[in-house]
Amino acid sequence: MSQSLSNRILNMSTSATLAMAAKARELRGEGKDIIGLSLGEPDFNTPDFIKNAAIQAINDDYNSYTPVDGYQELKEAIITKFKRDNKLTYTLPQIVVSTGAKQSLANVAAVMLNEGDEVILPCPYWVSYSDIVKLNDGVPVEVKTSIDTDFKMTPAQLEAAITPKTKMLWFSSPCNPSGSLYSEKELEALAEVLKKHPNIYVVSDEIYEHINYTGKPHASMANVEGMFDNTITVNGVSKAFAMTGWRIGYIGAPDWIARACNKMQGQVTSGANCIAQRAVITALNAEPTVVKFMIDEFKVRRDLVLDLLSDIEGFNTNTPEGAFYVFPDVSHFFGKSLKGKTINNATDFSLFLLEEALVATVTGDAFGNPNCIRISYAASQKEIKEAIKRIKEAVS
Numbered sequence: 001m002s003q004s005l006s007n008r009i010l011n012m013s014t015s016a017t018l019a020m021a022a023k024a025r026e027l028r029g030e031g032k033d034i035i036g037l038s039l040g041e042p043d044f045n046t047p048d049f050i051k052n053a054a055i056q057a058i059n060d061d062y063n064s065y066t067p068v069d070g071y072q073e074l075k076e077a078i079i080t081k082f083k084r085d086n087k088l089t090y091t092l093p094q095i096v097v098s099t100g101a102k103q104s105l106a107n108v109a110a111v112m113l114n115e116g117d118e119v120i121l122p123c124p125y126w127v128s129y130s131d132i133v134k135l136n137d138g139v140p141v142e143v144k145t146s147i148d149t150d151f152k153m154t155p156a157q158l159e160a161a162i163t164p165k166t167k168m169l170w171f172s173s174p175c176n177p178s179g180s181l182y183s184e185k186e187l188e189a190l191a192e193v194l195k196k197h198p199n200i201y202v203v204s205d206e207i208y209e210h211i212n213y214t215g216k217p218h219a220s221m222a223n224v225e226g227m228f229d230n231t232i233t234v235n236g237v238s239k240a241f242a243m244t245g246w247r248i249g250y251i252g253a254p255d256w257i258a259r260a261c262n263k264m265q266g267q268v269t270s271g272a273n274c275i276a277q278r279a280v281i282t283a284l285n286a287e288p289t290v291v292k293f294m295i296d297e298f299k300v301r302r303d304l305v306l307d308l309l310s311d312i313e314g315f316n317t318n319t320p321e322g323a324f325y326v327f328p329d330v331s332h333f334f335g336k337s338l339k340g341k342t343i344n345n346a347t348d349f350s351l352f353l354l355e356e357a358l359v360a361t362v363t364g365d366a367f368g369n370p371n372c373i374r375i376s377y378a379a380s381q382k383e384i385k386e387a388i389k390r391i392k393e394a395v396s
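Going by full-length UniProt numbering, the letters in the sequence shown line up with residues 1 to 396, in that order.
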């Protein structure tokens, strides 16, 4: 009966990260010992002080529909967080709380894009950007980067990608999947290009902002002179606070964009979960240092992964400055045969590692970079050591 489905859903890709996780679950169901390095999900528990706030909210009988754009107390906590962590000053009408940052992105695309509008996506980009853009009749314009430039787009590349149809630029910093982050100076250089095109708007996805190993403050595009009114800052609590399943994301945006997102959300999901919102108030009012133990552990794991991969011929790595991924170039293996299987591309290689090494990764094809795979180190050091040992044995 698929002929009765809409072209919209038939043309949409399946999330590669979720597909790999499903494949790994299937193999586990067959009794295979799969080590999962594919999902972008911290392996820590939500901190107790946040869980206790949720329990208190339940006991206080929070059970009613919430305002479409979020509880005022949560929006005030988000405003405090933006001021404290990013030196950004937003007002209540400029904040919209959604059911995860993915919905925040979908809202923005729905209210900003018309048919044929182009959205610049520096590659690699988060797996859902391209399909969210296409779902809303936009045209993704991929800007290729490489491991030699730490997967970052240059101002010259940005300028070359701009056409009369360019409506937006979307990027994440720190980046999923590469772990790269843009410094304040790098953002300023990109902004100099954008300010020549005042009708281009920027989605700055900062969901990984606290997972930063540089020792330098996180840099926000909206904080660059002249960019505040053209930037939608997207964030949430999934990564830094280990709250992926709580599903709370939010934007800070020019009020006319925020009002439009509020209107859109009111016809789709309405307000986000009441208990999760109350817990997030507590999370965001806390100093970021409360999750420093997670970031410290992620850095140890990053260094461990890089050290172990450096001992495997064919894995070309750089040093990610944030998030919890490495994104090695594995094109060395393309055209070669491993255990009787020909490796033509990153998808073949990722499937080979799943089937032969019993290690789940994600192909770089899903992120707009066909030469790489994404390895998540949101796993224990023991699991990481065993996974990379298996990978080494499989490709030797």
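For every residue, glycine included, the Cβ atom is placed at its ideal position computed from N, Cα and C.
Own chain, CB closer than 7 Å to residue i, minus 5 neighbours either side, in chain order
| i | result |
| --- | --- |
| Ser38 | Thr17, Met20, Ala21, Ala24, Ala360, Thr361, Val362 and Ser376 |
| Ile147 | Asn316, Asn318 and Asp329 |
| Val290 | Pro47 |
| Thr282 | Phe49, Ile50 and Ala53 |
| Ala189 | Pro155 |
| Gly322 | Pro174, Gly179, Leu181, Tyr208, Ile211, Asn212 and Tyr213 |
| Lys341 | Phe352 |
For residue i: DSSP bridge partner residues
| i | result |
| --- | --- |
| Pro122 | Val143 |
| Leu169 | Ile120 and Val202 |
| Leu338 | Lys341 |
| Tyr250 | Val97 and Asn235 |
| Asn316 | Asp329 |
| Gly36 | Ala360 |
| Gly322 | Asn212 |
Inter-residue CB distance, residue i and residue j (contact presumed, cutoff 8 Å)
| i | j | result |
| --- | --- | --- |
| Trp167 | Met112 | It is worth fixing the name first, because residue 167 is Lys in this sequence and not Trp. About 7 Å separates the two Cβ atoms, so the contact holds. |
| Asn136 | Ala110 | 5 Å |
| Ala253 | Met221 | Going by Cβ atoms, the distance from Ala253 to Met221 rounds to 12 Å, so no, they are not a contact pair. |
| Gln265 | Asn107 | 6 Å |
| Ser272 | Ser64 | In the sequence as presented, Ser is not what sits at residue 272; that position holds Ala. Rounded, the Cβ-Cβ distance is 13 Å, inconsistent with contact. |
| Ile373 | Ala346 | 5 Å |
| Thr91 | Cys274 | Incorrect: roughly 23 Å between the Cβ atoms, too far for contact. |
| Lys392 | Asp303 | Actually they do not touch by this definition, with Cβ atoms about 18 Å apart. |
| Trp126 | Ser183 | Going by Cβ atoms, the distance from Trp126 to Ser183 rounds to 20 Å, so no, they are not a contact pair. |
Residue nearest to residue i in terms of C-alpha spacing, selected from the options
| i | options | result |
| --- | --- | --- |
| Leu88 | Thr233, Trp170, Thr66 and Asn11 | Thr233 |
| Ser238 | Ile211, Trp256 and Ala219 | Ile211 |
| Leu169 | Asp307, Asp205 and Gly179 | Asp205 |
| Thr145 | Lys336, Ile343 and Phe327 | Phe327 |
| Ser380 | Ile373, Ser270, Phe324 and Asp60 | Phe324 |
| Ser104 | Arg390, Ser331 and Val268 | Val268 |
| Pro124 | Arg84, Leu181 and Arg28 | Leu181 |
| Gly100 | Gly249, Phe151, Ile391 and Asn345 | Gly249 |
| Cys175 | Tyr208, Glu356 and Asp311 | Tyr208 |
| Arg390 | Gly36, Ile9, Gly340 and Gly29 | Gly36 |
| Phe241 | Phe44, Thr14, Glu30 and Ile34 | Phe44 |
| His102 | Leu354, Ser128 and Val300 | Per the sequence shown, the amino acid found at residue 102 is Lys instead of His. With distances taken between Cα atoms, Lys102 lies closest to Ser128. |
| Glu30 | Leu187, Met12, Glu355 and Arg301 | Glu355 |
Same chain only: Cβ atoms within 6 Å of residue i, ignoring 5 sequence neighbours per side
| i | result |
| --- | --- |
| Val96 | Asp69, Ile251, Ala258, Cys261 and Asn262 |
| residue 420 | Residue 420 lies beyond the stretch modelled for the chain, which goes from 1 to 396, so this question has no answer here. |
| Pro177 | Pro124, Tyr325, Phe327, Phe367 and Arg374 |
Cβ shell of residue i (< 8 Å), same chain only, five flanking positions each side left out
| i | result |
| --- | --- |
| His197 | Ile162 and Thr166 |
| Lys32 | Leu358 |
| Gln94 | Gly252, Ala253, Pro254, Asp255 and Ala258 |
request  = Run through the segment 68-110 for me and flag every whole alpha helix (DSSP H) of 4 or more residues, listed as ranges in chain order.
outcome  = Within the segment 68-110, the complete alpha helix (DSSP H) runs of at least 4 residues are 72-86.
Beta strand (DSSP E) segments (min. 3 residues) lying fully within the segment 342-384 = The qualifying runs are 373-376.
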